[in-house]
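Those letters in the sequence shown? Residues 218 to 904, per the numbering used here, in order.
Inspection log for the structure reproduced underneath, given as structure tokens.
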Amino acid sequence: MTSLNAPEDITCTIELCEAVLSLRGHALGESLGRIARALLESPQGGYFQGDLPETSDLAEEIFHGSAFFGRYAVSGRIGGYDYIDRMRLAALARLTARLLQARADADRSARQFEKATEQLLLQTQILDQIHESVITMDLTGFITSWNKGAEKLFGYAATEIIGRNIIFLYENQEDEEDPSQDIFLQQGGREMEVRRRKKSGEIFWASLSLSSLRDNTGQPVGLIGYFMDITERKQAQEKIHHLAYYDALTGLPNRTLFMKLVDQSLVSASRNGSNGALLFIDLNRFKPINDTLGHGVGDQLLQQVAVRFKDALRDDDIMARLGSDEFVVGLFDLNQHYHAGFVAQKLLYAMEHPYLIEGHELRMGASIGISTYAQDGTDSETLLRLADIAMYRAKKCGENDHGSYAFYSQEMNRAALSRLHIETGLRRAIGSNELLLYYQPKINIEDGRIVGAEALVRWQHPERGLVFPSEFIPIAEESRLVVRLGEWVLEAACRQAAAWQRAGLAPMRVAINLSAGEFTVSLPGRVQAALRRHGIDADWLELEITESMLMIGTDDVIAIMEEIAGLGVTLSLDDFGTGYSSLSYLKRFPIHTLKIDRSFIMGIPKDQNDCAIAGAIIGIAKQLQHRVIAEGVENAEQLDFLRNQGCEEIQGYFFSRPVASLEMEKMLREDRRFGVERCPDSVDDLN
């Protein structure tokens, strides 16, 4: 097939392209005819859309598919035309047909685009006349159109908003999902009430209707959203809701809402098997104050009481005002039923300080009745009724400045009263020299010498005598007294170490147990201050921590431990093997000693499992280059097994019970070793 490749042909091709692109009508026909005559060096001929001249020597129709665009015809050349000329004219006709077809397609597309533009302009004008805010987005949430209603509602002009993602209009971008992940973008057709942000920063409520935009194949290509400001309506609804469910004076839930919330919590408690309780609170002597000083003072008093109660409760606890001077609290997810008594104490303590209202110093107590789920009842009405009965029982116990509380169950009352006596007495004991430390020696297995002692707190109760830790430590932990108790132990242990140091005794490690509440960033500073205050070297002090404490915020724990170790104070891991610490973490802790829990020592050497566990712990300690001590050693067989396994230190009744400081000092002066004091019978460790 011949093509237009010669230089003169290329010139004609360029002219042809320019003519088709730039000319129309008669001018185009004249230009095409001139190009054909020039290509074939013909004096006559041209481009014809109708009949050809009779004198034409060479002609070629211009077709593209079924589209006919005319003919080329030339004549009059001296020497005539040959086969090559016919082929060249045919090539010109084919190229012309393609160019004319392309121009026709382009013209048609231009007309369609113009029509679409006009239609879009018309739709834009229609949307702009709608008072509703209308926006469109692509599938990833980027805004593609923004009508006048949206400009008025949000305060952004279209030029400011188109191309930005819709998420920046959300009230809180972090709390809401990425619109590209929203179900609307896949399905659409959904209505909802949302909160959005205006350009001014104002947050408002809007009714939002979303629908999918689809292409010709039905596939979603975007979303169209209709916004309407419903802030006033929502505010009215919220006001009505607040009036229906909240106390106007204190802002607390009222009885109706409280019962609904309690019923919901009871369903969850039933499903999870958790404990719960209701506390019915009646203020003591409120009526005389209200009657004497007036309702204005009474109202302010109720408001201040509500604030103190709320501050004393957890965020998840439910509190309501039932009316007059009656309040009620719902507690759920309690570890034990009697914990409700601790909360009642907190509420009573919160009322101890006087209320200053309009120049009056007012003191207020309360009577609190407690019913427990599911011991006393399983529904809100029953629990509230029984708590009310318990409240009257508490009120009969006698009103005073502090107030009182009572459980509906007599058994719970007795248990709560006992715990209350212990807690109250322990608070007094910490500041009244009723506490003292006993010391249980730690022995080096190789030479039998005392190398340290564990300081164990005892309570010398003025009426009950010596009270052991198993009775008061759990209550101290539950009532948060354990931190104060730990501070007392640190001071007392350092004071005793200083006395031994002044007496000329060689330094030994006095170990004290730390609670989780003490293990904070302030601990290293407190330890350093205690060492300086009592003038003792760090060699005198050892801190024992448990595995469970290591698993809370590992990096923070390591930082605290490293700071303590930097003081020269020894760290020991107590009760090793009873927790769930990871060995990969264990190698990172600056631990000096692993302490095998006595539960693994008791069965040695008869219990093969205890033997295997104790041996494994000793092996781990050796691999990690830690010293290892076994507590609860009570007989020679246990000692022999531990010595053969490579254990370095022991602690237990086989050598000595915990003893008072004077007896401990005597042991040290006498260089007491194995064989001097042994306990013939195995008894429970008092640790």
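For each residue, glycine too, the CB sits at the ideal point set by N, CA and C.
Since the structure is predicted, the reported quantities are computational estimates derived from the model, not experimental observations.
*Where are the beta strand (DSSP E) runs, 3 residues long or more, that stay fully inside the segment 249-313, in chain order?*
261-265, 275-281, 284-292
*Between the C-alpha atoms of Phe-549 and Asn-489, what's the straight-line distance to the nearest angstrom?*
11 Å
*Alpha carbon to alpha carbon, how far is Ala-465 from Gly-442?*
39 Å
*Look up Val-699 in the DSSP assignment and say whether it is helix, strand or coil.*
Val-699: helix per DSSP, three-state reduction.
*Taking the Cβ atom as the reference point for each residue, do Ser-248 and Asp-274 lie within a distance shorter than 8 Å?*
No, these two residues do not count as a Cβ contact at 8 Å.
*Give the single residue among Leu-643, Arg-889, Ile-775, Gln-677 whose Cα lies nearest to the Cα of Ile-982.*
Residue 982 lies beyond the range of the chain shown here (218 to 904); nothing can be said about it.
*Within the segment 778-852, note down every full beta strand (DSSP E) run reaching 3 residues or more, in order along the chain.*
787-793, 810-813, 844-848
*asked:* Would Phe-817 and Ile-835 be called neighbours here (beta carbons separated by less than 8 Å)?
replied: no
*asked:* For Met-884 and Thr-763, what's the separation of their Cα atoms in angstroms?
replied: 28 Å
*Outcome for Asn-865 when other beta-carbon atoms lying within 10 angstroms are tallied against a minimum of 16*: The amino acid at residue 865 is misidentified as Asn; the sequence shows Glu. Buried.
*Beta-carbon proximity of Gly-262 to Ala-236, cut-off 8 Å*: no
*Inter-residue CB distance, Leu-386 and Arg-407 (contact presumed, cutoff 8 Å)*: That belief does not hold up - the Cβ atoms of Leu-386 and Arg-407 are roughly 17 Å apart, past 8 Å.
*Taking Gln-745 as part of the alpha helix (DSSP H), name the residues at either end of that continuous run.*
740-751
*Does the distance from the CB of Val-684 to the CB of Arg-726 come in under 8 Å?*
Taking 8 Å as the Cβ cut-off, Val-684 and Arg-726 do not qualify as a contacting pair.
*Pair within 8 Å by beta-carbon distance, Ala-310 and Glu-277*: Yes.
*Going by alpha carbons, who is nearest to Arg-712 out of Gly-439, Leu-483, Asp-754, Ala-693?*
Asp-754
*Find the nearest neighbour of Ala-284 within the set Asp-888, Leu-788, Gln-266, judged by alpha-carbon distance.*
Gln-266
*asked:* So for Thr-334, helix, strand or coil by DSSP?
replied: helix
*When DSSP labels each residue in this structure, what does Pro-505 get in the three-state scheme?*
helix
*Specify, as a first and last residue, the run of the beta strand (DSSP E) that His-678 falls within.*
667-678
*Minimum C-alpha distance to Leu-573 - residue among Asn-382, Val-514, Arg-874*: Val-514
*So, is Asn-730 buried or exposed, given that buried needs 16 or more other C-beta atoms within 10 angstroms?*
buried
*Name the residue from Ala-321, Gln-840, Arg-254 whose alpha carbon lies nearest to the alpha carbon of Lys-804.*
For the residues Ala-321, Gln-840, Arg-254, the minimum Cα distance to Lys-804 belongs to Gln-840.
_As assigned by DSSP and simplified to three states, the class of Asn-861_ = helix
_Going by DSSP in three states, Lys-416 sits in which element: helix, strand or coil?_
coil
*Between Ala-607 and Ser-588, is the Cβ-Cβ spacing less than 8 Å?*
yes
*DSSP state of Ser-626 mapped onto helix, strand, coil*: coil
_Rounded C-alpha distance that separates Asp-399 from Gln-454_ = Low per-residue confidence applies at Asp-399: pLDDT is 48, beneath 50, and the placement is therefore not dependable, though the value from the model is reported in the following sentence. Each residue's Cα considered, the two are about 27 Å apart.
*Rounded distance between the beta-carbons of Ile-498 and Glu-543, thought under 8 Å*: 7 Å
*Sorted by chain position, which residues of the same chain lie with C-beta nearer than 6 Å to Val-706's C-beta, five sequence neighbours on each side aside?*
Val-674, Ile-729
_Continuous alpha helix (DSSP H) stretch holding Met-881: start and end_ = 878-886
*Taking just the CA atoms, how far does Arg-602 sit from Gly-742?*
51 Å
*Option in Arg-860, Tyr-590, Arg-531, Glu-851 with minimal Cα separation from Gln-868*: For Gln-868, the closest alpha carbon among the candidates Arg-860, Tyr-590, Arg-531, Glu-851 is that of Glu-851.
*Express the C-alpha separation of Gln-657 and Phe-736 in angstroms, rounding to a whole number.*
Between the alpha carbons of Phe-736 and Gln-657 lies a gap of roughly 23 Å.
*Would you mind listing the alpha helix (DSSP H) stretches within the segment 504-534 that are 4+ residues and don't spill past its ends, in chain order?*
512-529
_Identified DSSP bridge partners for Tyr-566_ = Bridge partners of Tyr-566: none, in fact.
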